[in-house]
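Protein chains in written order, with the numbering used here: chain V, 1 to 388; chain B, 1001 to 1126.
Take a look at the structure:
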């Protein structure tokens, strides 16, 4: 069953904090929930579907409804790491489309920087993870695992550190207009290349920021969306795919977006060339280049050339991306960047991005995320939005 | 820095026991001939439980690698090694000239002691 035409994003909210001192985890989830419901013109009494991932406080689907006063008849807490909130947009839209709920609320929020837990994946208990005994002894670190994708991309396609740096440069050009961004200074290719190597070939400025914060999304039925006073943003297509290394058949030249992207485009009834704006997961600069290629926004192997010379800068390049500054400069709460990706895609679709970065005629926009580890187990999730 | 001992789970005990005796083994499916790593008591390609341990040389080539740095010093050198005998596996490089590493370079197995656990398979230039 296609969900195209059956579910609309009616409300969004991003918490302004980047370090949640003095805010409890539950309060942060409540703050973003209330913010998104107010944006939609709805209340907690209207919500009958609740969606969250593992960073939610306690047993999220039970404890958050208690705290907020929700009475959900449909709940889900799928966790695929940072892409979870794009998966949840897909699943919430599906639940609305199939009549399981009328108003679906997705919340995300993390306070772990303020709690001194900054570099872990918020809320994840990796007890029993089958690969752990075979990877733990090697001290690979997330940056090392992504760096191996970057090095292989360089080897296969001639991609350069300068090209990777352009991804950060573009994000920084956008972040200067976001008063809440953690890093608002515009950086140059030289700045990125002169920052210390973290995991060759990735430099410190090839990495995302580490922040607290969060956001929420409200998804509802067409007739309810039309009764509200917000622009109509339709979930036109959505898909996900889990990639892993198949017991040793390692191929780092593609990511899960290779399969989630085309299926989402097919459902949305549009082509990559119809996309006017892309929110792309940006844990590291290489993540962006891989996803651009894998969901079809540029040819495989040509991502480096595509992003160079401002290819991702709004008003300059062919594919404006992450116009809020993204995870690379603005916000990457809980080391989970999927929520902020859908939020900026909705802002662009509505025409409510900052005027300096708003794209013209955003009929189709895409949000794509990669959760987990790009060189290991990961879930790619693609959501395509259409403005009506 | 001491290498932490891995958690030894029942299905992987033969793998770790063999390493303690100096042998490096992967697994092979006797039904579909799939060779795989890491250890599990069935074939992840065809679901067969008819799988056997296969001692291998541990020779291979570098598929990709990185040098992870902390405070300017190299803390580890994660690598994917394409083994001559089958799967490409995650490990780390030791005893090497970090400036001379390259994709395609030949490497060989080097077992490193862990902290109160079995030896761990690392790799070093051949």
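Every residue, glycine too, gets a C-beta built ideally from N, C-alpha and C.
None of these values were measured; they are calculated from a predicted model.
Outcome for residue 1126(B) when other beta-carbon atoms lying within 10 angstroms are tallied against a minimum of 16: One-based indexing of the second chain puts residue 1126(B) at position 126. Its Cβ having fewer than 16 others within 10 Å, residue 1126(B) is exposed.
Cα-Cα separation between residue 1067(B) and residue 126(V), rounded to whole angstroms: Sequence index remark: in the second chain, residue 1067(B) carries index 67 (1-based). Sequence index remark: in the first chain, residue 126(V) carries index 126 (1-based). Those two C-alpha atoms are separated by around 25 Å.
Helix, strand or coil at residue 209(V) [DSSP, three-state]: Position 209 of the first chain, counting from 1, holds the residue named residue 209(V). Reduced to three states, the DSSP call for residue 209(V) is coil.
Residue from 1081(B), 1114(B), 1051(B) and 1048(B) whose Cα sits closest to the Cα of residue 1062(B): Numbered from 1 along the second chain, position 62 holds the residue referred to as residue 1062(B). The candidate whose alpha carbon is nearest that of residue 1062(B) is 1081(B).
Short CB-CB distance (under 8 Å) between residue 192(V) and chain B: The residue labelled residue 192(V) in the question sits at position 192 within the first chain. By this cut-off, residue 192(V) is not an interface position.
Between the CA atoms of residue 98(V) and residue 129(V) - distance to the nearest angstrom: Residue mapping note: residue 129(V) aligns to position 129 of the first chain, counting from 1. Residue mapping note: residue 98(V) aligns to position 98 of the first chain, counting from 1. Computed Cα separation, rounded: 34 Å.
Alpha-carbon spacing of residue 5(V) relative to residue 39(V), whole angstroms: Within the first chain, residue 5(V) is the residue found at index 5, counting from 1. Within the first chain, residue 39(V) is the residue found at index 39, counting from 1. Their Cα atoms are separated by approximately 21 Å.
Whole beta strand (DSSP E) elements within the stretch 149-228 of chain V, 3-residue minimum: 197-199 and 213-220
Cβ contact check for the stretch 1046-1060 of chain B and the stretch 1102-1112 of chain B: 3 or more pairs under 8 Å: yes
Proximity test, residue 43(V) beta-carbon vs the ligand FMN heavy atom, cut-off 7 Å: Absent from the structure shown: the ligand FMN. Ligands present: none.
Contacting residues, own chain, Cβ-Cβ under 6 Å from residue 167(V) (five flanking each side not counted): What you label residue 167(V) is simply residue 167 of the first chain in a count that begins at 1. Cβ neighbours of residue 167(V) beyond the five flanking positions: 285, 288 and 307.
Spatial distance of residue 371(V) from residue 230(V) (CA atoms): On the first chain, residue 371(V) is found 371 positions in, with the first residue counted as 1. On the first chain, residue 230(V) is found 230 positions in, with the first residue counted as 1. Taking the straight line joining both Cα atoms gives about 30 Å.
Residue 1107(B): contacting residues in chain V (beta-carbon distance under 7 Å): Here residue 1107(B) is taken as the residue at index 107 of the second chain, counted from 1. Per Cβ cutoff of 7 Å: no residues; residue 1107(B) is ~14 Å from chain V at best.
Beta-carbon neighbours of residue 55(V), restricted to chain B and to distances below 8 Å: Residue numbering aside, residue 55(V) sits at position 55 when the first chain is read from its first letter. None at all; the shortest Cβ gap to chain B is about 24 Å.
CB contact check: residue 140(V) to chain B, cutoff 8 Å: For the purposes of this step, residue 140(V) is taken as the residue at position 140 of the first chain. Yes, its Cβ sits closer than 8 Å to a Cβ of chain B.
Terminal residues of the alpha helix (DSSP H) in which residue 1127(B) lies: Since the displayed chain B opens at 1001 and closes at 1126, residue 1127(B) lies outside it and no answer follows.
Reference residue 47(V); option with closest CA among 96(V), 26(V) and 28(V): Translated into positions along the first chain, residue 47(V) becomes position 47. Per the Cα distances, 96(V).
Proximal residues of chain B, C-beta to C-beta of residue 155(V) below 7 Å: As a first step, residue 155(V) is located in the first chain; it is residue number 155 there, counting from the start. Ordered by position in chain B, the residues that pass the 7 Å Cβ test against residue 155(V) are 1103.
Partner residues on chain V for residue 1094(B), Cβ-Cβ distance less than 9 Å: Locating residue 1094(B) in the second chain gives position 94, where the first residue counts as 1. What residue 1094(B) touches in chain V: nothing, since even the nearest Cβ is about 10 Å away.
Integer-rounded CB distance, given that residue 146(V) should sit under 8 Å from residue 374(V): Reading the first chain from its first residue, position 374 is the one you call residue 374(V). Reading the first chain from its first residue, position 146 is the one you call residue 146(V). Indeed they touch by this definition, with Cβ atoms about 5 Å apart.
Supposed close pair residue 106(V), residue 141(V) - CB separation, criterion 8 Å: Here residue 106(V) is taken as the residue at index 106 of the first chain, counted from 1. Here residue 141(V) is taken as the residue at index 141 of the first chain, counted from 1. Not quite, the Cβ-Cβ distance comes to about 30 Å (not below 8 Å), so this is no contact.
Min CB distance residue 1021(B) to chain V below 8 Å: Numbered from its first residue, the second chain carries residue 1021(B) at position 21. Chain V, which has no Cβ nearer than 8 Å to the Cβ of residue 1021(B), makes this no.
Assigned secondary structure, residue 21(V) (DSSP; H/G/I helix, E/B strand, else coil): Within the first chain, the letter at position 21 stands for residue 21(V). Coil, per DSSP.
Reference residue 26(V); option with closest CA among 55(V), 10(V) and 79(V): Translated into the one-based positions of the first chain, residue 26(V) becomes position 26. Cα-wise, what sits closest to residue 26(V) is 55(V).
Identity of the residue in 9(V), 1(V), 2(V) and 3(V) nearest residue 343(V) by Cα: To locate residue 343(V), count along the first chain from 1; it is residue 343. Of 9(V), 1(V), 2(V) and 3(V), the residue nearest in Cα terms is 9(V).
Assumed close pair residue 235(V), residue 219(V) - CB separation to whole angstroms, cut-off 8 Å: Counting from 1 along the first chain, the entry for residue 235(V) is found at position 235. Counting from 1 along the first chain, the entry for residue 219(V) is found at position 219. Between residue 219(V) and residue 235(V) the Cβ distance is about 7 Å, and since that is below 8 Å, they are a contact.
Chain-ordered neighbours of residue 1051(B) on chain V, where CB pairs are closer than 7 Å: As a working mapping, residue 1051(B) is identified with position 51 in the second chain. Those do not exist, as residue 1051(B) stays about 11 Å from chain V at its closest Cβ, beyond 7 Å.
Enclosing beta strand (DSSP E) for residue 1118(B) [first to last residue]: Residue mapping note: residue 1118(B) aligns to position 118 of the second chain, counting from 1. First-last of the beta strand (DSSP E) with residue 1118(B): 1117-1125.
Contact check, residue 171(V) vs residue 282(V), beta carbons under 8 Å: Within the first chain, residue 171(V) is the residue found at index 171, counting from 1. Within the first chain, residue 282(V) is the residue found at index 282, counting from 1. The answer is yes: Cβ separation under 8 Å.
Proximity winner among 295(V), 204(V) and 361(V), relative to residue 1069(B) (alpha-carbon distances): Walking along the second chain from the start, residue 1069(B) turns up at place 69. Per the Cα distances, 204(V).
Residue 187(V) burial status per 10 Å Cβ neighbour count (16 or more: buried): Walking along the first chain from the start, residue 187(V) turns up at place 187. By the neighbour-count rule (16 or more Cβ atoms within 10 Å), residue 187(V) is buried.
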